[in-house]
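Residue numbers (this note's numbering): 1 to 98.
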């Protein structure tokens, strides 16, 4: 689902699989993708953003692939700490290794 949230007077468009009540102004993982200014006017509503996201986009992962493979093998999901640190998100919590 797509939700809009106002954080510190800045409006953010948030795409989340979780309940909108769980959306915080400081999420742990952010994926930003640039758009051309000319396209911004065409993607003016949440419905248009949803259509754009459903169309898909490429994402370049520059993390440690070996750590990620180990994480996924244990049932976790790869991510980072909002900076450069690897994190493995597992059912029992978040870990720095798989």
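Idealized CB from N, CA, C, for every residue including glycine.
Take the alpha-carbon of residue 88 and the one of residue 51: they are about 30 Å apart.
In summary, residue 85 is exposed, with fewer than 16 beta-carbon neighbours lying within 10 Å of its beta-carbon over all protein chains present. In this structure, the alpha-carbon of residue 96 lies about 13 Å from that of residue 74. Counting every other CB atom within 10 Å of its CB across the protein chains shown gives residue 93 a total below 16, marking it as exposed. Less than 8 Å separates the beta-carbon of residue 76 from that of residue 90.
The beta carbon of residue 67 sits closer than 8 Å to the beta carbons of 78, 86, 88, 97, 98 from its chain, once the five residues preceding and following it are set aside; these are given in chain order. For residue 56, there is no enclosing alpha helix (DSSP H), since its DSSP letter is neither H nor E.
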